[in-house]
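Protein chains in written order, with numbering that gives the first Met the number 0: chain A, 0 to 192; chain B, 0 to 181. Where is the CB? At the ideal position from N, CA and C, for every residue including glycine.
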Amino acid sequence: MSDWFTASPESLLAIALSAVGAYAGVLVYTRLAGLRSFAKMSSFDFAMTIAIGSMLASAILTQTPSLLQALVGLGALYALQRLVGWVRERFAWAQNVIDNEPLLLMDGAEMLRDNMTRASVTEDDVWAKLREANVLDVSQVRAVVMETTGDISVLHGEPGGTPLQGRILRGVRGADRLVAGDVDQRPATDRTA
Amino acid sequence: MERLEDRFAEWFTFSWAGLGAVAVTAVLAYALVIGLTRLAGLRSFSKLSSFDFVVTIAVGSVLSSIIVLEDVSIVRGAVALGVLFGLQEAIGRLRLRYDLVARSVGNAPILLMDGPRVLHENLKKVRVSADEVRAKLREAGVASVASVQAVVMETTGEISVLHGGPAPDAWLMEDVERGEAG
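Structure, rendered in structure tokens:
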């Protein structure tokens, strides 16, 4: 029982030293990997950020993993993120394999029930997101998109204001059904420029 | 004294085989998470219900344990991840299907400001201070309290600030608990 409340002096020193070492390791890796280190772009980026934080905690607090073991683990995660990021950017097919495709949840003021069912999103969930985006009236909504990361984007503006450009919704599943008046009228070849 | 040094040294010892295992499990666990994310779809790491965020953190933490801890083998970790993703999927479907489930697994959103009026009773219920509400108004770019239409604390713990323009329509506020605002 006393194990829960006591600590040996050498373990405290080891914790302090591991903390410094692991922290320095994360600083260096983050500088090496650059801005994408903790970005939230693809589906699992956020989970990776948490894995890094959790590994840092294990390295500091517990005897196993040892500092070096944790540094190798951290290095492997940063490297994989980097590698997958590079592959994603380089090959379109890789992005299709790795990432979930964004999905249209609202087309103007109309909720797309079948898409909501596909993504297990309830009506209340969508309302909450509209409020977060400062939507005051449903008629302001141009489109609602569930992004690759699981975040929900709400595109809105005054009715009759700037029309929604088709290319903003590039790659979004279900975007082809947007009402014609809202969509970029130029030929498809121009849109993908 | 020597024993003490040994015990200290244990924090920093390692084997080459151990380091190799860390690198290999990192690749496997990473691939596993990508696979599960693709299977589970967009909801995997979303922040829609109260507990979505916690589950995301749990997935990250399990991933880390698989990689650096010998005790947590890749097979054990895979089972843990599979169950977490499975539960998220199951609860997600049930929430969608049955209002009762949606209501019982999530906290209902609550109104914190009704127009420019701060609802102190409601603030007390969710233990949010007036200072915190002010901070959220500033974050949302509110320059004058008079322009506030409504402030809602959402299921996820996020705070929505509706401001400017016309009063929010009833449809938008249908599921929000009004409390003292009546």
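Residues of chain A with CB under 8 Å from residue 46(B), in chain order?
Indexing the second sequence from 1 puts residue 46(B) at position 47. Here the neighbours are 149, 150.
Would you decide whether residue 90(A) is buried or exposed? Buried here means 16 or more other CB atoms lie within 10 Å of its CB.
Taking the first sequence and counting its residues from 1, the one referred to as residue 90(A) is at position 91. Exposed is the call here.
Can you pull the chain A neighbours of residue 165(B), defined as C-beta to C-beta under 7 Å?
One-based indexing of the second sequence puts residue 165(B) at position 166. Per Cβ cutoff of 7 Å: 135, 136.
List, from N- to C-terminal side, the alpha helix (DSSP H) runs of 4 residues or more that fit wholly inside the stretch 85-142 of chain A.
91-97, 112-117, 122-131
Classify residue 119(B): buried if its beta carbon has 16 or more other beta carbons within 10 angstroms, exposed otherwise.
By one-based count along the second sequence, residue 119(B) stands at place 120. Burial call: exposed.
Taking only runs of the beta strand (DSSP E) that begin and end inside the stretch 88-135 of chain B, which ones reach a length of at least 3 residues, in chain order?
Taking only runs of at least 3 residues, the beta strand (DSSP E) segments lying wholly in the stretch 88-135 of chain B are 109-113.
The beta strand (DSSP E) that contains residue 151(B), what's its start and end?
To locate residue 151(B), count along the second sequence from 1; it is residue 152. Unbroken beta strand (DSSP E) run through residue 151(B): 147-152.
Is residue 170(B) close to chain A? Criterion is C-beta to C-beta, closer than 9 Å.
Taking the first residue of the second sequence as 1, we reach residue 170(B) at position 171. With 9 Å as the cut-off, residue 170(B) counts as an interface residue toward chain A.
Just curious, the alpha helix (DSSP H) that residue 61(B) is in, first and last residue?
In the second sequence, the residue the question calls residue 61(B) occupies position 62. Note, residue 61(B): alpha helix (DSSP H), 51-67.
Per DSSP, residue 154(A) forms a beta bridge with which residues?
On the first sequence, residue 154(A) is found 155 positions in, with the first residue counted as 1. Beta-bridge pairing links residue 154(A) to 142(A).
How is residue 81(A) classed by DSSP in three states: helix, strand or coil?
Stepping through the first sequence from its first residue, residue 81(A) is reached at position 82. Helix at residue 81(A).
Residue 161(B) bridges to which residues according to DSSP?
Along the second sequence, read from residue 1 onward, the residue named residue 161(B) stands at position 162. In the DSSP output, where bridge partners are listed per residue, residue 161(B) has 149(B).
Out of 66(A), 104(A), 135(A), point me to the one whose CA is closest to residue 42(B)'s CA.
Mapped onto the second sequence, residue 42(B) falls at position 43. Residue 42(B) has its Cα closest to that of 104(A), out of 66(A), 104(A), 135(A).
Just curious, the alpha helix (DSSP H) that residue 12(A) is in, first and last residue?
The count along the first sequence starts at 1 and reaches residue 12(A) at position 13. Residue 12(A) -> alpha helix (DSSP H) spans 8-32.
Which same chain residues, not among the five before or five after residue 27(B), have their C-beta less than 6 Å away from its C-beta?
Looking up residue 27(B) in the second sequence gives position 28. 73.
Can you list, in chain order, the residues of its chain whose CB lies under 7 Å from that of residue 90(B), leaving out five sequence neighbours each side?
As a working note, residue 90(B) is residue 91 in the second sequence. These residues qualify, in order along the chain: 104.
Take residue 101(B) and list the residues in its own chain whose beta-carbon comes closer than 6 Å to its own, dropping the five residues that flank it on each side.
Taking the first residue of the second sequence as position 1, residue 101(B) is located at position 102. Same-chain partners within the cutoff: 94.
Report yes if the C-beta of residue 161(A) is less than 8 Å from at least one heavy atom of the ligand COA; otherwise report no.
Looking for the ligand COA in the displayed structure turns up nothing, as the structure carries no ligands at all.
Would you call residue 123(A) buried or exposed, if buried means 16 or more other Cβ atoms sit within 10 Å of its Cβ?
Within the first sequence, residue 123(A) is the residue found at index 124, counting from 1. With 16 or more Cβ atoms within 10 Å of its Cβ, residue 123(A) is classed as buried.
Can you pull the DSSP bridge partners for residue 172(A)?
The residue given as residue 172(A) occupies position 173 in the first sequence. Per DSSP, 102(A).
Using beta carbons (cut-off 9 Å, strictly below), is residue 63(B) in contact with chain A?
Here residue 63(B) refers to the residue found at position 64 when the second sequence is read from its first residue. Yes, residue 63(B) counts as interfacial toward chain A.
Hey, is residue 178(B)'s beta-carbon within less than 9 Å of any beta-carbon in chain A?
Reading the second sequence from its first residue, position 179 is the one you call residue 178(B). It does not; no Cβ of chain A falls within 9 Å.
With respect to the alpha helix (DSSP H) encompassing residue 2(A), which residues constitute its N-terminal and C-terminal limits?
Numbered from its first residue, the first sequence carries residue 2(A) at position 3. Looking at the DSSP string, residue 2(A) is not in any alpha helix (DSSP H), and its letter there is neither H nor E.
Provide the residue span of the alpha helix (DSSP H) that contains residue 50(A), from first to last.
As a position in the first sequence, residue 50(A) is number 51, starting the count at 1. Per DSSP, residue 50(A) belongs to the alpha helix (DSSP H) from 44-60.
Quick one: any contact between the stretch 23-33 of chain A and the stretch 43-52 of chain B, if contact means 3 or more CB pairs under 8 Å?
Contact between the stretch 23-33 of chain A and the stretch 43-52 of chain B is not established, with fewer than three Cβ pairs separated by less than 8 Å.
I believe residue 158(A) touches residue 139(A) by the beta-carbon criterion, under 8 Å. Please report the beta-carbon distance rounded to the nearest angstrom.
The residue given as residue 158(A) occupies position 159 in the first sequence. The residue given as residue 139(A) occupies position 140 in the first sequence. Taking the Cβ atoms as the reference, residue 158(A) lies roughly 7 Å from residue 139(A), within the contact range of under 8 Å.
Determine, for residue 50(A), whether the minimum Cβ-Cβ distance to residues of chain B falls below 9 Å.
Mapped onto the first sequence, residue 50(A) falls at position 51. Judged by the 9 Å Cβ criterion, residue 50(A) is in contact with chain B.
Considering only C-alpha positions, which residue in the set 159(B), 127(B), 126(B) is nearest to residue 141(B)?
Position 142 of the second sequence, counting from 1, holds the residue named residue 141(B). The candidate whose alpha carbon is nearest that of residue 141(B) is 159(B).
How do the stretch 118-135 of chain A and the stretch 159-173 of chain B stand: do at least 3 beta-carbon pairs fall below 8 Å, yes or no?
yes
What is the DSSP secondary structure of residue 176(B), reduced to helix, strand or coil?
To locate residue 176(B), count along the second sequence from 1; it is residue 177. Three-state result, residue 176(B): strand.
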